[in-house]
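J.: Have a look at this one before I ask anything.
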Amino acid sequence: MNILVFNAGSSSLKFSVFRAGHEDAEELFKGSYERFRDGKCEFRFRHGETDERGTASIAGIDQAVEAIPAVLERFGLTVLDAVGHRVVHGGARFSAAIVLDDAIVAEIDTLTPLAPLHNPANLGAIRLCRRLWPDVPQVAVFDTAFHATNPPFATTYAVPKEWRDAGLRRYGFHGTSHKYVAMRAAQEIGVPASDLQIVSVHLGNGASVCAVNRGKSMDSSMGMTPLEGLVMGTRSGDVDPGAFGFLGRRFGLSTQEIETALNNDSGLKGLTGSSDMRDLEDRAAKSDLDAQLAIEIFAYRARKYVGAYAAAMGGIDAVVFTGGIGENSPSMRRRICDGLEFMGLRLDHDRNQSVHLANRAAPQIQAYGSRVRVFVTETAEQLMIARETAAALTLPAPVNEEIPVAVSARHVHLSASAVETLFGPGYQLTPAKPLRQPGQWAAAERVALAGPKGRLERVAILGPVRPRTQIEVSRTDSFALGIDAPVRESGKLDGTPVVTIAGPAGNLVTDGLIIAARHIHTNPTDAARLGLEDGEYVDVRIGDADRGLTFARTLIRVGANSFTEMHIDTDEGNAAGIGVGDGEEGEILQEAATVRSHSAG
Ligand code: ADP
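Under the working numbering, the first residue of the sequence shown is numbered 19, with each subsequent residue one higher.
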């Protein structure tokens with residue numbers, strides 16, 4: 019499939035066309051518009067042997083987006099199957115790439131207060147592209163998504179509860195880059211990422227370090243915004259928040275003025291007047307003391323994070339350098355690695371000097387005998403966006419028509435007002451574990467359920483919030499509560515019984531208690547292949563010969579973003595002799611018998 023990838027910043031627009039599959043993608047075209055000034059900007063288009071540069075009469079990003087269809091047509095790239103968009107902030111809501119529709123765009127818009135400098139540009143491009151290519155599916159890929167696996171102790175700031183409830187927490191950015199380079203290093207080592215502890219060091223105009231613990235992001239140096247952490251081109255990175263009070267009193271600066279200065283006039287630029295590491299290295303070589311100090315601060319801060327993340331993970335197998343500085347500056351890599359011998363990391367200075375990165379190479383530059391490997395590789399954010407876009411649209415299909423079966427333990431879906439009643443005003447749930455259905459997660463928080471006969475403690479909450487609260491229990495649970503719950507399809511809640519949900523800040527008495535009708539989630543592609551239609555019922559055979567069962571009347575639910583999976587509850591799982599996480603598969607037995615393969619049990 020041909021995928022157009024957009025990376026729209028506040029001052030530049032980068033776009034590429036990839037021919038992409040699930041696992042790989044080939045870049046067919048690469049374009050950019052930048053340096054917008056006086057109604058003009060610079061452009062560059064690369065396609066095969068062609069490399070065009072010049073100045074265009076384009077005043078801003080919106081106009082640049084509108085110019086793209088004609089540019090692509092000129093290069094013969096008229097067939098587009100999807101558009102992938104980089105979105106900087108996905109908040110707590112988006113832990114994976116997602117197919118865009120009006121509701122998702124509106125949800126991304128609600129995250130603008132968290133990323134006022136970044137998300138509006140991304141959203142502007144999304145809105146325009148949906149108008150320009152109304153029939154082409156569009157996907158958002160979030161910089162924050164890779165960090166959705168960070169544990170609460172890494173994401174929580176020690177600040178008043180009311181602030182935390184409003185969404186003030188660490189999210190982390192550059193996720194697409196960190197994920198790619200960590201995967202690339204694991205591939206080079208020849209060991210699954212799930213067996214490795216990797217520190218990824220992305221040093222560009224924006225810079226961050228990420229602890230990739232056994233394939234998952236555990237922590238990263240950027241926080242609620244991309245301002246925290248390392249020294250960057252124009253951003254300060256870590257500063258004492260006490261500076262706000264001092265600067266207000268000393269210079270009468272408003273919070274907005276301080277924020278702007280920390281984002282745009284600090285970092286390397288604040289220290290030397292230039293945000294460009296090449297300039298600084300030239301000046302430092304000519305004994306410019308400001309440039310020398312800036313380079314030392316930059317390296318020292320990065321080295322501290324590498325050490326901190328080795329400690330956070332309790333081990334380290336590899337460090338990966340990427341980004342304009344990480345890829346191109348041997349002296350910066352040396353400065354960062356100097357002094358890390360104590361943890362088994364020694365550079366080979368010759369290898370470090372002679373790094374070649376063409377064709378996605380990932381050379382190793384550690385010395386012979388160094389326990390920790392050191393890689394350099396080009397980051398490939400656009401490529402990853404193309405791959406994730408392809409993956410979001412062509413969801414993994416069940417092998418041999420066998421449907422994965424998941425046993426759902428009792429859980430609740432809460433409305434926003436229910437969250438406030440149970441946890442306090444403005445409270446936002448903490449996503450702790452992504453679920454297989456894209457965009458859905460289990461929250462770190464739990465609630466209790468109470469009925470006339472009994473109470474069920476530590477009941478899971480599944481996010482994101484929904485328009486209406488729904489409580490899903492098994493028949494056995496309904497006996498324990500003493501409430502006769504009906505078997506219902508998700509969302510069909512009228513006339514359902516009332517139950518009490520107990521949270522730390524209060525109780526909620528609400529209807530919505532159901533025993534979920536067993537169902538199969540699937541997407542249009544898989545549904546077409548399996549000959550299934552939304553709303554129909556099928557019989558499904560699950561389990562082995564001893565306790566195998568055929569579940570009659572299993573509802574088919576087709577959703578644009580759904581992962582194909584059958585959901586049954588714990589009573590049903592027990593009856594068929596399978597439990598949560600058993601990796602069981604079911605076989606659909608249709609009247610028409612178009613699908614009939616053996617059960618996996
Ligand atoms: P962005 O975060 O905007 O994508 P890049 O990843 O392109 O930024 O990184 C830009 C930084 O890389 C600049 O500070 C630039 O000076 C630096 N850089 C690029 N090439 C070199 C080089 N050969 N030596 C040192 N620094 C370099």
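Every residue gets a Cβ at the ideal spot worked out from N, C-alpha and C, and that includes glycine.
1) Out of I574, L531, G597 and R571, which has the shortest C-alpha to C-alpha gap to G561?
2) What residue range is occupied by the uninterrupted alpha helix (DSSP H) comprising R111?
3) With a threshold of 8 Å, are at least 3 pairs of Cβ atoms found where one atom belongs to the region 386 to 395 and the other to the region 540 to 560?
4) According to DSSP, is V465 helix, strand or coil?
5) Got a sec: does ligand 1 put a non-hydrogen atom nearer than 8 Å to the Cβ of G233?
6) According to DSSP, is E399 helix, strand or coil?
7) For I313, verify whether its CB is less than 8 Å away from any heavy atom of ligand 1.
8) On the three-state DSSP scale, how would you describe K58?
9) Tell me, please, which residues DSSP counts as bridged to D587.
10) Please determine, among T73, V23, G251 and R202, the residue with the shortest C-alpha to C-alpha distance to I313.
11) To the nearest angstrom, report how far apart R559 and N525 are at their CA atoms.
12) Would you kindly report the start and end of the unbroken alpha helix (DSSP H) that includes I122?
13) Compute the beta-carbon to beta-carbon distance between A124 and P456, rounded to the nearest angstrom, for a pair I have assumed lies under 8 Å.
14) Assuming L440 and G530 form a contact by the criterion Cβ under 8 Å, report the distance between their Cβ atoms to the nearest whole angstrom.
15) Under 8 Å from any heavy atom of ligand 1, does the C-beta of E246 make it?
16) Identify the residues that DSSP records as bridge partners of A100: which are they?
17) Give me, in chain order, the residues of the same chain whose beta-carbon lies closer than 6 Å to that of L221; leave out the 5 immediate sequence neighbours on both sides.
18) Express the C-alpha separation of E406 and Q622 in angstroms, rounding to a whole number.
19) Report the three-state DSSP secondary structure of L181 (helix, strand or coil).
20) Where the beta carbon is closer than 5 Å to any heavy atom of ligand 1, which residues qualify, in chain order?
21) With distances taken from CA atoms, which of D308, S195, F393 and A424 is nearest T588?
22) Could you check which residue in V101, I21, N223 and F61 has the C-alpha nearest to that of V89?
23) If contacts are defined as beta-carbon pairs under 8 Å, then L280 and L298 qualify, I think. What distance do you get, rounded to the angstrom?
24) At a cut of 8 Å, does the region 104 to 121 reach the region 133 to 140 through at least three beta carbon pairs?
25) Over the uninterrupted alpha helix (DSSP H) stretch that includes I354, give me the two end residues.
26) Could you work out which residue in N579, F36 and T487 is closest to D544 when comparing CA atoms only?
27) Helix or strand or just coil, what does DSSP make of R37?
28) Looking only at its own chain, which residues have a Cβ that is under 7 Å from the Cβ of V177, when we skip the five neighbours before and after it?
29) DSSP state of D237, grouped into three classes?
30) Within 10 angstroms of its Cβ, does K197 collect 16 or more other Cβ (buried), or is it exposed?
31) In terms of residue numbering, what span does the beta strand (DSSP E) encompassing N525 cover?
32) Where does F339 fall in DSSP's three states?
33) Among all the DSSP beta bridges, which residues are the ones paired with K451?
34) Pick out whichever of G509, G224 and R148 has its Cα sitting closest to the Cα of D120.
35) Within the region 527 to 551, note down every full alpha helix (DSSP H) run reaching 4 residues or more, in order along the chain.
36) Counting only the same chain and skipping the five closest in sequence on each side, list residues whose C-beta sits under 6 Å from that of E70.
T.: Based on what the coordinates show:
1) As a position in the sequence shown, residue 561 is number 543, starting the count at 1. Answer by Cα proximity: G597.
2) By 1-based counting over the sequence shown, the position of residue 111 is 93. Careful: R111 lies outside any alpha helix (DSSP H) and carries neither H nor E.
3) Verdict: no, contact absent.
4) Here residue 465 refers to the residue found at position 447 of the sequence shown. Strand, per DSSP.
5) Translated into the one-based positions of the sequence shown, residue 233 becomes position 215. Not one heavy atom of ligand 1 falls within 8 Å of the beta-carbon of G233.
6) On the sequence shown, residue 399 is found 381 positions in, with the first residue counted as 1. Helix.
7) The residue you call residue 313 lines up with position 295 of the sequence shown. Checking every heavy atom of ligand 1 against the Cβ of I313, none is found closer than 8 Å.
8) Locating residue 58 in the sequence shown gives position 40, where the first residue counts as 1. K58 falls in the strand class under three-state DSSP.
9) As a first step, residue 587 must be located in the sequence shown, where it is residue number 569. Beta-bridge pairing links D587 to S426.
10) One-based indexing of the sequence shown puts residue 313 at position 295. Answer by Cα proximity: G251.
11) Here the question's residue 559 lines up with position 541 in the sequence shown. Here the question's residue 525 lines up with position 507 in the sequence shown. In this structure, the alpha-carbon of R559 lies about 40 Å from that of N525.
12) Counted from its first residue, the sequence shown places residue 122 at position 104. Counting along the chain, the unbroken alpha helix (DSSP H) around I122 starts and ends at D120 to T128.
13) Here the question's residue 124 lines up with position 106 in the sequence shown. Here the question's residue 456 lines up with position 438 in the sequence shown. Rounded, the Cβ-Cβ distance is 18 Å, inconsistent with contact.
14) Here the question's residue 440 lines up with position 422 in the sequence shown. Here the question's residue 530 lines up with position 512 in the sequence shown. No, L440 and G530 are not in contact; Cβ-Cβ is about 14 Å, not under 8 Å.
15) Within the sequence shown, the letter at position 228 stands for residue 246. Every heavy atom of ligand 1 is 8 Å or more from the Cβ of E246, so no.
16) Residue 100 sits at position 82 when you count from the first residue of the sequence shown. Answer is I21, bridged to A100.
17) On the sequence shown, residue 221 is found 203 positions in, with the first residue counted as 1. The residues G341, I343 and G344, in chain order, have a CB closer than 6 Å to that of L221 in the same chain once the five nearest residues on each side in sequence are set aside.
18) Nothing can be reported for residue 622: it is not among the residues displayed for the chain, which extend from 19 to 619.
19) Position 163 of the sequence shown, counted from the start, is the residue given in the question as residue 181. Inspection of the sequence shows that residue 181 is occupied by Trp rather than by Leu. DSSP places W181 in helix when its eight states are reduced to three.
20) Every residue passing the under-5 Å Cβ criterion appears here: G222, N223, G224, D294, M295, R296, G341, G342, I343, N346 and S347.
21) In the sequence shown, residue 588 corresponds to position 570, counting from 1. It is A424 whose Cα lies nearest to the Cα of T588.
22) Residue mapping note: residue 89 aligns to position 71 of the sequence shown, counting from 1. Of the listed residues, the one whose Cα sits closest to V89 is F61.
23) Within the sequence shown, residue 280 is the residue found at index 262, counting from 1. Within the sequence shown, residue 298 is the residue found at index 280, counting from 1. Contact doesn't hold; Cβ gap of about 19 Å is too wide.
24) Yes: the two stretches touch, three or more of their Cβ pairs being nearer than 8 Å.
25) Position 336 of the sequence shown, counted from the start, is the residue given in the question as residue 354. Counting along the chain, the alpha helix (DSSP H) containing I354 begins and ends at P348 to C355.
26) One-based indexing of the sequence shown puts residue 544 at position 526. Measuring C-alpha to C-alpha distances from D544 to each of N579, F36 and T487 identifies N579 as the nearest.
27) One-based indexing of the sequence shown puts residue 37 at position 19. Strand.
28) In the sequence shown, residue 177 corresponds to position 159, counting from 1. Only L186 meet the Cβ criterion.
29) The count along the sequence shown starts at 1 and reaches residue 237 at position 219. DSSP places D237 in strand when its eight states are reduced to three.
30) Position 179 of the sequence shown, counting from 1, holds the residue named residue 197. The Cβ neighbour count for K197, taken over all protein chains shown within 10 Å, is at least 16; the residue is labelled buried.
31) Here residue 525 corresponds to residue number 507 of the sequence shown, with the count starting at 1. In the DSSP assignment, N525 falls within the unbroken beta strand (DSSP E) covering N525 to T528.
32) Stepping through the sequence shown from its first residue, residue 339 is reached at position 321. Here F339 sits in strand by DSSP.
33) Mapped onto the sequence shown, residue 451 falls at position 433. In the DSSP output, where bridge partners are listed per residue, K451 has A460.
34) As a first step, residue 120 must be located in the sequence shown, where it is residue number 102. With distances taken between Cα atoms, D120 lies closest to R148.
35) The region 527 to 551 is shown to contain whole alpha helix (DSSP H) runs of 4 or more residues at 542 to 548, in chain order.
36) Counted from its first residue, the sequence shown places residue 70 at position 52. The beta carbon of E70 lies closer than 6 Å to those of F63 in the same chain, with the five residues before and after it left out.
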